[in-house]
Amino acid sequence: MRYDKEVDARGLNCPLPILRAKKMLAEMQSGQIVRVLATDPGSVKDFQAFSRQTGNELIGQGETSDKAYEFFLKRK
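FYI, our numbering numbers position 70 of the sequence shown as 70, with every residue one higher than the one before it.
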């Protein structure tokens, strides 16, 4: 998937992956996409909730080959 920016939050625990993503999204323009990498298992539910609460669309999520979680968020 194409993306404009990336946040590497691997090794960080909640709430840091969300906070890093929020900071990056604040610097981006509407419609741009950020890819977030995280290893915290709780980040799956966290990013779903974050998307609902902020209006930034979670357009994709999955796992990388090295067992990290990846999320693609589109800036509202």
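In this text, a Cβ means the ideal position worked out from N, Cα and C, and glycines have one as well. On a predicted model such as this, the values are computed, not experimentally measured, just so you know.
query                                                                                                    : result
Assigned secondary structure, ARG52 (DSSP; H/G/I helix, E/B strand, else coil)                           : helix
Buried versus exposed call for ASN56 [16 or more other C-beta atoms within 10 Å across all chains shown] : buried
For PHE71, the residue or residues it bridges with in DSSP                                               : VAL36, GLN61
Closest Cα partner of ARG10 within the set THR54, SER51, ARG35                                           : ARG35
Per DSSP, the bridge partner or partners of GLU6                                                         : ARG35
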